[in-house]
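What follows is a set of notes on a single structure, which appears directly below.
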Amino acid sequence: MISSGTRPCGLYIHLPFCAGRCPYCDFFAQPLAPGLARVLLPALLRHLEMAAPLAGGRALGHVYLGGGTPSLLPAGIIARLIQAARQHLGLAPACEISLEANPGTLSAGKLQALKAAGVNRLSLGAQSFDPALLKLLGRRHTPQDTRRAVAQARAVGFANLSLDLIYGLPGQTLAMARGDILAALELRPDHLSLYELTLAPETPFGRAYAKGRPPLPSEDQVLAMEDAALELLEAAGLARYEVSNFARPGHECRHNQDTWRGGDYLALGPGAHGHLAGRRWAWLADVKAYVEAVRAGREPLEFSEDLTPRQRAWELIMLGLRTVEGVDLARVGALLDRDPRRMWAGPLAQLSAQGWARLEGDLLMPTPLGLRLADAAAGLFL
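Start counting the sequence shown at 1300; every next residue gets the next number (the working numbering).
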């Protein structure tokens, strides 16, 4: 079993079921066939028990249930997973438990049951408030479903609610992108994730738009959409804390923050990825193979690798340059047992000269321009 002398502080649970495949999505997911979740649940519970010793007795600071569409599953299954995490790993008193949800899969009763199960942060995949764009994206909900889900979630007591939006969509104009932001802000979310459309080549979107039909917005149009979103979100009190994430004070997603800081987290479920003290791994992205391995008492391992100190240092830089808080160079230096200012004097000077980042003590902090060019900035350190 994967082991380490350090302790994880989080748990990611991948629930890979969807009502149907969205044409832009490249995450591991499959249709929820009758009874399939009931087959997977015992394997998840057993795997959690197998992995529990890795926690070293430390309670979890955050649990994230992602997918797929976790909200497709009965609330009772979510409750059993959270209870098992509490039993085998322990939850810190202020543990953040996030659940990804499709607005069309929720009802007042289900939201009440999820809250009673321990979910205290809801992430709604709104994606757009334009009916035509939702149809293009293959989404099965309407703008009104999103509005209804938010109202019902607030009514049952959810005080930490996030919305996901996508921009740079085929046929989308600047006015349409602004309209999506304004519609989201009317719902007063505590957190908003705003993702530029990414075309994975193996997806239907990737194949279609590689051929140029229908045309995507130009690079200048996409940048204008981003600028407009930044202005509107900041004015509404949602501060940017990562390239694609905005939050009201105290509502930053702990799972995401821990990941960007190079933190440790266990993983559960087919296709899930974990990280623990420089070792990262992925579980089999196949429900049947995952279940069979766990039933046999084996780790359902797809791959694992041990990162070198230099690889870990580069990942801290790469991830940190995506965040407003930046990179702690003292921590990077501790990994390398060398002064990163000397080791990477050239890239650091280039970042400063180009206006992409600035040094404040031990912190390397990206500028707004640097956040826009985060991938290029990280590439200087390779």
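Beta carbons: idealized from backbone N, C-alpha and C, even for Gly. Small disclaimer: the values here were computed from a predicted structure and weren't measured.
Beta carbon of residue i nearer than 7 Å to that of residue j
i: L1468; j: L1433; result: no
i: E1348; j: H1387; result: yes
i: L1618; j: W1559; result: yes
i: L1398; j: P1442; result: no
i: T1445; j: A1425; result: yes
i: V1542; j: R1621; result: yes
i: C1321; j: G1478; result: no
i: A1374; j: K1414; result: no
i: L1423; j: L1462; result: yes
i: Q1649; j: L1679; result: yes
i: L1484; j: A1523; result: no
i: Q1451; j: A1499; result: no
DSSP state of residue i mapped onto helix, strand, coil
i: H1490; result: strand
i: S1406; result: coil
i: H1361; result: strand
i: I1301; result: Because I1301 carries a pLDDT of 43, less than 50, the predicted location of this residue cannot be relied on, and the following value inherits that uncertainty. Looking at I1301 - three-state DSSP - the assignment turns out to be coil, as it is neither helix nor strand.
i: D1276; result: Residue 1276 lies beyond the range of the chain shown here (1300 to 1681); nothing can be said about it.
i: Y1466; result: strand
i: W1613; result: helix
i: T1275; result: Because the chain in this structure spans residues 1300 to 1681, residue 1275 falls outside the shown range and cannot be described.
i: D1558; result: According to the sequence as given, residue 1558 is Thr; it is not Asp. DSSP places T1558 in helix when its eight states are reduced to three.
i: Y1589; result: helix
i: Y1508; result: helix
i: V1623; result: coil
i: A1458; result: coil
i: G1309; result: strand
i: Q1386; result: helix
i: P1330; result: strand
i: L1484; result: helix
i: R1439; result: coil
First and last residue of the uninterrupted beta strand (DSSP E) at residue i
i: Q1426; result: 1420-1426
i: F1545; result: 1544-1546
i: H1574; result: 1572-1575
i: E1399; result: 1390-1400
Contacting residues, own chain, Cβ-Cβ under 7 Å from residue i (five flanking each side not counted)
i: G1562; result: C1308, G1309
i: G1625; result: G1619, L1662, L1663, M1664, P1665
i: A1538; result: F1545, A1546
i: A1336; result: F1316, L1372, I1376
For residue j and residue i, believed in contact at Cβ under 8 Å, the rounded distance
i: F1316; j: L1372; result: 7 Å
i: A1400; j: L1380; result: That pair is no contact at about 15 Å.
i: Y1564; j: A1342; result: Wrong, their Cβ atoms sit about 20 Å apart, outside the cutoff.
i: C1394; j: G1360; result: 6 Å
i: A1584; j: Y1311; result: Wrong, their Cβ atoms sit about 14 Å apart, outside the cutoff.
i: A1383; j: L1344; result: 5 Å
i: L1331; j: A1318; result: 7 Å
i: L1647; j: V1631; result: The Cβ separation is near 11 Å, so there is no contact.
Same chain only: Cβ atoms within 6 Å of residue i, ignoring 5 sequence neighbours per side
i: V1449; result: L1486
i: A1629; result: D1661
i: G1389; result: A1358
i: L1493; result: L1464, A1528, S1543
i: S1303; result: Unreliable placement is indicated for S1303, whose pLDDT of 43 sits below 50; no coordinate value is reported for it.
i: F1326; result: none
Neighbourhood of residue i by C-beta, 8 Å cutoff - its chain only, sequence neighbours within 5 removed
i: E1551; result: H1490, Y1540, N1544
i: R1579; result: H1572, G1573, S1603, E1604, L1606
i: M1642; result: L1635
i: Q1411; result: V1455
i: A1676; result: L1620, L1650, W1655, A1656, P1665, G1669
i: R1439; result: A1318, G1319, N1401, G1403
Boundaries (first-last residue) of the alpha helix (DSSP H) holding residue i
i: S1517; result: S1517 -> no alpha helix (DSSP H), and no H or E assigned at all.
i: L1670; result: 1667-1671
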